[in-house]
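Please read the structure below before turning to the comments.
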Amino acid sequence: MKKLTSIQSNLSGTIQVPGDKSISHRSIMFAAVAKGTTRVSNFLLGADCLSTISCFQKMGVMIDQHGDEIIIQGKGWDSLSEPTDILDVGNSGTTTRLLMGILAGRPFHSVIIGDHSIAKRPMNRVSNPLQQMGAQIDGREFGNYTPISIRGGNLKAISYQMPVASAQVKSAILLAGLQADGVTTVEEMRTTRDHTERMIRHFGGEIEQLGKVIKVQGGQTLQATEVRVPSDISSAAFFMVAAAIVPNSELILPNVGLNKTRAGIIEVMERMGASIELIQDEASSLLEPTGTIKVSYSSLQGVEIGGDLIPRLIDEIPIIALLATQAEGKTVIKDAEELKVKETNRIDTVVQELTTLGANIEATPDGMIICGPTPLSGGNVSSHGDHRIGMMLSIASLICENPIFLEDAEAIDVSYPSFFQDLDKLVK
Ligand code: S3P
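Numbering-wise (the working numbering), the sequence shown opens with residue 385 and increments by one.
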């Protein structure tokens, strides 16, 4: 149980948050199947990304770590070897689903397991298209839940219309498509984060993108490169909201990934009236655009959030819900059913925990409605083992009248092991 007390003063200063989780995972995966030595810098040393490293080491890939720099000796797709041990993905959905895409094309047997949260997350969204491509995949409830076993190889290309807006599903199909016979086509229902498409190009591969339709030719060899991982906008989001709700605060967040398919929170905060300034880095890496975000305290209004915007801020909804408790009027979050299949059911966990703190918030079938502004009280809350719920509640504690007692605060290590140290540095 971690005790968190409100701050008497404000937040100010500059903080570079750790590397992007989605991009860190992909850097290891692409480097492992590319030819040559890839150097990754600003890698996120969170538990999830370390799970990805360990899975590839179990398939014989040489990976060395020096601080947040990772060196991967890739020898091409064929160099991955049949693992003698189960592949443990821990809490990481991205590791599970993208790994399934890679393993679908490998001519060997492997078994994926994870923690109790992973065991509840649906995998048939990935198993189904990969089975259509020819992979043998099984698991509890016919391949829907871990433990999942895969015997891959001899894939044929498919044309697939995605029934869910999920970058993980899209990425798994593209990774399988790179190994398949023919051209694989994926059509998205809503545009999701495009880190995989960018990585394919960065590692010398070819990929065609026309609106929501993406095509990849099978049989491509990828070449090693350098990857500089930008700071994670999903981690920066906690401090952006902190600065916006703690009176007299101002925070500067440099080197943050500003990829349009991820940066929906900036748009929402602007619409809510937050004082937010962006300075795009001129020398953004070819891989991803980056920049500095400056946020100051200001008054906020409720907004409606839905449709195509949802995949662009899906991981930020817990912290946006907290922001909305401090905004004048009603905030409606809709079209966000996907929240139910994240690390926790985030409609339930957000509504439950913010209600405990005294927020006026109600769950809907596809999101939530929040009326503000409301003072927040404090009390006993839990992360429910979900890193983003844990961080949202920690930021809430800054403005609570009484202390918060946060159960399972360790869950935060999944994406931001130095979260509390960084937060402490900013409290004046
Ligand atoms: C991710 C995609 C999103 C996101 C997750 C990371 C990725 O999941 O919630 O944290 O790296 O591709 P879905 O693809 O399931 O929406």
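The beta carbon of each residue, even a glycine, is placed where N, CA and C say it ideally should be.
In this structure, how does DSSP classify residue i when only helix, strand and coil are distinguished?
| i | result |
| --- | --- |
| V417 | helix |
| S425 | strand |
| N639 | strand |
| S789 | Ser is not the amino acid found at residue 789; the sequence shown has Phe there. Of the three classes helix, strand and coil, the one that applies to F789 here is strand, per DSSP. |
| L671 | coil |
| H771 | helix |
| K809 | helix |
| N729 | coil |
| H500 | coil |
| K405 | helix |
| P467 | coil |
| K678 | strand |
| N512 | helix |
| L483 | helix |
| M385 | coil |
| S781 | helix |
| I694 | helix |
| E590 | coil |
| T530 | strand |
| L559 | helix |
| T575 | coil |
| T645 | coil |
| E688 | strand |
| Q441 | helix |
| R505 | coil |
Indicate, with yes or no, if the ligand S3P has a heavy atom lying under 7 angstroms from the CB of residue i.
| i | result |
| --- | --- |
| D472 | no |
Considering only residues of the same chain and omitting the five flanking positions on each side of residue i, which have a CB-CB separation below 6 angstroms?
| i | result |
| --- | --- |
| L464 | M443, R490 |
| V598 | Checking the sequence shown, residue 598 turns out to be Ile, not Val. Answer for I598: V570, listed in chain order. |
| F492 | E466 |
| H766 | A quick correction: the sequence has Ser, not His, at residue 766. E791, D792, listed in sequence order. |
| S408 | F427, L428, C433, V613 |
| R535 | H493, Q520 |
Report all residues from its chain with a CB closer than 7 angstroms to the CB of residue i; omit the five preceding and five following residues, and keep chain order.
| i | result |
| --- | --- |
| T645 | T575, T576, R577, D578, R696 |
| G474 | A431, D432, S435, G498, D499 |
| V798 | G430, A431, D432, N475, H771 |
| P759 | G742, E785 |
| G657 | S682, S683, L684, Q685 |
| P652 | Sequence check: residue 652 is Val here, not Pro. Contacts found: V687, I689, L697, I704. |
| Q563 | W461, G489, L539, G602 |
| Q593 | E581 |
| T740 | G763, V765 |
| Q400 | S615, P638, N639 |
| G566 | K540, A541, G602 |
Please tell me whether, using a cut-off of 7 angstroms, the distance from the CB of residue i to the nearest non-hydrogen atom of the ligand HEM is below it.
| i | result |
| --- | --- |
| L760 | Inclusion of the ligand HEM in the displayed structure is not the case, the ligand content consisting of the ligand S3P alone. |
Less than 8 angstroms between C-beta atoms, sequence neighbours within five positions excluded: which residues of the same chain meet that for residue i?
| i | result |
| --- | --- |
| Y544 | P513, Q516, I557, T568, T569, V570, E571 |
Task: Any 3 or more C-beta pairs closer than 8 angstroms across the region 723 to 733 and the region 696 to 705 - done: yes
Task: For review: beta carbons within less than 7 angstroms of any heavy atom in the ligand S3P - done: K405, S406, H409, G477, T478, A549, S550, A551, Q552, V553, S555, T576, R577, H579, P695, I698, D699, E722, K726
- [ ] Take every Cβ of the region 784 to 791, pair it with every Cβ of the region 415 to 425, and state whether three or more of those distances are shorter than 8 angstroms.
- [x] no
- [ ] May I ask you to verify whether the region 516 to 528 touches the region 448 to 458, counting CB pairs closer than 8 angstroms and requiring at least 3?
- [x] no
TODO: Decide yes or no for the touch test of the region 765 to 781 against the region 386 to 397: beta carbon pairs closer than 8 angstroms, at least 3 of them.
DONE: yes
- [ ] Could you say if the region 714 to 725 and the region 746 to 754 meet the contact criterion of at least three C-beta pairs nearer than 8 angstroms?
- [x] yes
Task: the region 535 to 550 / the region 577 to 591 touching (three or more Cβ pairs under 8 angstroms) - done: no
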